[in-house]
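This report concerns only the one structure given below.
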Amino acid sequence: MVTLNINQETHTLDVSDDTPLLWALRDVVGLTGTKFGCGIALCGACTVHVDGEPVRSCVTPVSAVSGRKIVTIEAIEQNSIGRRVQTAWRELDVVQCGYCQSGQIMAATSLLASKPQPTDEDIDAAMSGNICRCGTYGRIREAIKRAAVST
Amino acid sequence: MINMTAKLLASKPTRRHFLQGTGGLILGFTVPSFGAEEARNERPPESAVGQATRNVTNESAGLAPNAFIRIDRSGVVTLIVHKVEMGQGTFTSIPMLLAEELEIDLNNVKLEQAPADNSLYADPLLGGQVTGGSTSIRGAWKPLREAGATARVMLITAAARQWKVDPATCTASKGVVTHTATGRTAGYGQLVEAAARLPVPKQVELKPSSEFELIGKPIKRLDSPDKTNGRAQFGIDVRLPNMSVAAVALSPVPGGRLHSIDEQKALTIKGVRQVLRLDHAVAVLADHMAAARLGLSAVAPTWSDGPNATVTTQSIVASMAEASRKQGAIARNDGNAQSTIDKAAKKVEAVYEMPFLAHATMEPVNCTVDLRGDTCEIWVGTQVPALAQGVAAKITGLPLDKVRVHNHYIGGGFGRRLEVDFVALAVEFAKQAKGPVKFIYTREEDIQHDMYRPYYLDRIAAGLDANGTPVAWSHRITGSSIMARFAPAAVVNGIDSDAVEGAKDQPYKIPNVRVEYVRHEPPIATAFWRGVGATHNVFVVESFIDELAATAKSDPLEYRRALLRHSPRMLAVLNLAAEKAGWSQPLPKISSERLGRGIAVQFAFGSYMSQVSEVAVSSTGEVHVRRVVCAVDCGQVINPDTVVAQIESGIVFGLSAALWNEITVDKGRVQQSNFSDYRVMRMREAPRIEVHIIKSTDSPGGIGEPGTSAAAPSLTNAIFAATGARIRKLPVAATDLRA
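Chains B and H, in that order, give the protein sequences. Per our numbering, the very first residue in the first sequence carries number 1; after that it's consecutive. Per our numbering, the very first residue in the second sequence carries number 1001; after that it's consecutive.
Here it is as structure tokens:
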């Protein structure tokens, strides 16, 4: 049994300690907004926040995050920066297929939390771990800047 | 010409299950199949997919309804969308077409995914229920507007009769009919019952483009909110009561067989429910994917590799090169290319090669099946719902109407989800499963058991006159025929229309042109990939024309211009891209890197496009694409921002592949496995992209794929300008570009 604090709710899960957080979220808790992309922390589709930091949930065992605050895309609108990021994403029509965008939004929200006015280099550094096969990078960059301006 | 039928839905559903509702006006509209004269006129000239599928469609001649509108008594309009949304924006642009003529707020259109039905939801250009080939808007452009206009006319007529006034004195706007003189109004919902009893007008007048209120205006994507809050449902997100999640392993060598497994060991793992085996695959079903994957490791499958155990990329290419020396089927033969080349003042020859490519969609391949005795339900994101239904019916022995396909948002299609191999696998396994199962490929399975963009080997030659002008052109393509498997009727006289697309109709005015196709099938499965035939042939044609320009010591832009004088739309995009890129200006030098600019132009998918790329090549040979300027004429634009987005997307997709991607085979096994060795473009590597749209009121062209097909030659021509190295074999990474 593992107890997790996800989006300010407590969940007790009957999974082994080494279960990746990704599958606990998706298959056990039923929060499917966090996506599976590569399974080895190369694409960023599974990004969630743990105590405010971006974490690749596909390689994070549940035992490592028990007792810590986990936030997923489903609750990011409760964070004022996250809400601004979502708004910017919608205003600039960033999404295409949309599959990677949960991870992109989680990564962008973390970036703006630590660097409210990021430079292009900051954006490159923070976002280059998140792959988008639809190639929405230019719009992601602009949306991050817009979300930063709207502070 | 569309054929409309109207009926009133009583409380009892009178039509298929998906039309159940609260009652109201149902309009079924039919799209002419390809045999119809009107459709022929609508068909964009020289379109790849049009050509590719014309013959297929002729077999299913006649009119077939393919989409439905429902307006209920509360005025809500439901559009059952015959296309799937995989990022290309059609879940916004298709309802825009309807709303434009129906005079409703776009926000009042509810979308429903069409169920699997090839007769109801066939694409007029493709002849089947297919989302692909950049056809969605081309096919929907006229019928969707006609459907909206017809419904509007009926609603206005219904109101006018109630008010005993001339319909011509009434107008419709925002879902309300108004009698202008008296100001009387009635909402569509109040009118649907009366409207449904009216005869369907045989002809309706469509708005001229000058009166468009929605079409051509930037409209925010309707799927954006759900795709930014985690609520969008992709196939992989399906959850059903008592569902298992399954990890699968397929024979690493195509044609291989499962030899042994350790089932008991897997069953001892917490959460593992069942181990299923097929001849060529094994699946472990569990409470969740983590347990399934642990179970799969424990199963430790061993394989008998079978007849392909020694296949390598080198063996495939060697046999392809051998095949390419013989004459192929003749796709085009103007004048006498060979003898003219032999006599020409200058002869230029080259061999171009393009690798196998994986699709690597962000959403790995997956399929959920609930097979219970006499019904089969499938949850999947597919570009071909009817094919998915068909393969499941075949495997289960059930009639089609007992197989229900629930389509979903697709987390990247790019052609991968035109295939139903993974649906077939899931249904085969489901025959042994207890309860519903969601099968998910790991990224490794997804890349190693993809169906790949074919390897192509092209022999190309040209003869130049004393001025350097081409007088003859000969192009022989060797590669797999996807059409022969996917749509056999589209292969005529040995010519796969997809394999020669962009080559047979190369745009340059040259008096002697010969194009041949040699079909050569490798032992690994091949399939469509974004940009299809054009992605292959535009690269070869646009690279080689650049070679000819270099041979003639001519500017690549001027050289193309001189050969495109007959095509004003080609010239217009070429000139616009060059102008916006500052073609005549020197590149701003920023470092010791070698800089270059390359240009490419194409007509593909009914759209004209030119791209200019700027690259910087480092002394160690790393290529950085700094900027891509694109000019496009895709006819009437529906949603301009979607056009821009699709081009940005297509360019990044095409550049990733051109720079880095290849699938290679050793000992019959695909060697790549994940984003570590199948490198895709990331934020810091992405170029600045500028898109310039030429205004047009011509019928719309496709836009999902042209960006991809023009990307590689524009890039490699820029690399040539920067380094003098001509890239004749993709990916670029295979060439040593060190200074």
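C-beta: ideal position from N, C-alpha, C; glycine also.
Taking CB atoms only, Ile70(B) has no neighbour in chain H less than 8 Å away.
Interface residue (Cβ-Cβ distance to chain B less than 8 Å): Lys1227(H) is classified as such.
Around the C-beta of Val1311(H), 16 or more other C-beta atoms lie within 10 Å, and the residue is accordingly described as buried. Membership of Asn1537(H) in the alpha helix (DSSP H) is indicated by the continuous run Val1532 to Thr1551.
For Ser1244(H), the pairing in a beta bridge is given by DSSP as Val1437(H). Gln1383(H) counts as buried, since at least 16 other C-beta atoms from the protein chains shown sit within 10 angstroms of its C-beta. Annotation for Asn1493(H): no beta strand (DSSP E) segment contains it, and DSSP assigns it neither H nor E.
Contacts with chain H (Cβ-Cβ distance below 9 Å) from the segment 32-51 of chain B involve Thr32, Gly33, Thr34, Lys35, Phe36, Gly37, Cys38, Gly39, Ile40, Leu42, Cys43 and Ala45, listed in chain order.
Distance from Cys46(B) to Asn130(B) at the Cβ level is roughly 10 Å; contact not present, criterion being Cβ atoms closer than 8 Å. At a Cβ-Cβ threshold of 8 Å, Ser102(B) and Gly1230(H) count as neighbours. Exclusion of the five residues before and after Leu13(B) leaves Val2, Ala24 and Val28 as the residues of its chain whose Cβ lies within less than 6 Å of its Cβ. With a contact defined as Cβ atoms closer than 8 Å, Cys1376(H) and Leu1398(H) qualify at about 6 Å.
Contact between Ala147(B) and Arg90(B) does not hold, since their C-beta atoms are separated by about 11 Å, which reaches or exceeds 8 Å. Look at the segment 1658-1678 of chain H: the residues with a C-beta under 8 Å from a C-beta of chain B are Asn1674, Phe1675 and Ser1676. Legend: CB atoms of the segment 1443-1455 of chain H lying less than 7 Å from CB atoms of chain B belong to residues Arg1443. Distance from the CA of Cys134(B) to the CA of Trp1529(H), rounded to the nearest whole angstrom, comes to 14 Å. In its chain, beyond the 5 residues on either side, Met1320, Ala1323, Ser1324, Leu1457, Val1518 and His1520 have a beta carbon closer than 6 Å to the beta carbon of Thr1478(H). Counting only Cβ-Cβ distances below 9 Å, Thr12(B) has no contacts in chain H at all, with the closest Cβ about 15 Å away. At a cut-off of 8 Å between beta-carbon atoms, Met1(B) makes no contact with chain H. The CB of Gln86(B) comes closer than 7 Å to the CB of Thr1228 and Asn1229 in chain H, given here in chain order.
Chain-ordered, the chain H residues with CB closer than 7 Å to the CB of Asp124(B) read Met1683 and Arg1684. For the 8 Å CB-CB criterion, Tyr1455(H) and His1449(H) do not form a contact. Annotation: Ala1292(H) to Gly1271(H) spans about 8 Å, alpha carbon to alpha carbon. Between Ala41(B) and Val65(B), the beta carbon gap of about 15 Å keeps them out of contact (Cβ cut-off 8 Å). The residue among Ala1329(H), Arg1257(H), Ser1339(H) and Asp1342(H) with its C-alpha nearest the C-alpha of Pro1307(H) is Arg1257(H).
If you ignore the 5 residues before and after Thr1340(H), its C-beta comes within less than 6 Å of the C-beta of Gly1463, Val1471, Ala1472 and Asn1512, all in its own chain and listed in chain order. DSSP lists Tyr1456(H) as the beta-bridge partner residues of Met1354(H). Proximity of Asp1237(H) to chain B, defined by a Cβ-Cβ separation below 8 Å, is satisfied. At a C-beta separation below 9 Å, His1288(H) has these neighbours in chain B: Val15, Thr19, Trp23, Ala24, Arg26, Asp27 and Val28. Beta-bridge partners of Lys145(B) (DSSP): none assigned. For Gly30(B), the closest C-alpha among the options Ile73(B), Asn79(B) and Asp122(B) is that of Ile73(B). Listed as beta-bridge partners of His1406(H) by DSSP are Trp1379(H).
Shortest Cα-Cα distance from Lys1402(H) to any of Gln1389(H), Tyr1409(H) and His1408(H) involves Gln1389(H).
Membership of Tyr1608(H) in the beta strand (DSSP E) is indicated by the continuous run Ser1607 to Val1617. DSSP places Trp1583(H) in the coil class of the three-state scheme, outside both helix and strand. For a Cβ distance threshold of 7 Å, nothing in chain H lies close to Ile6(B): the least Cβ distance comes to about 13 Å.
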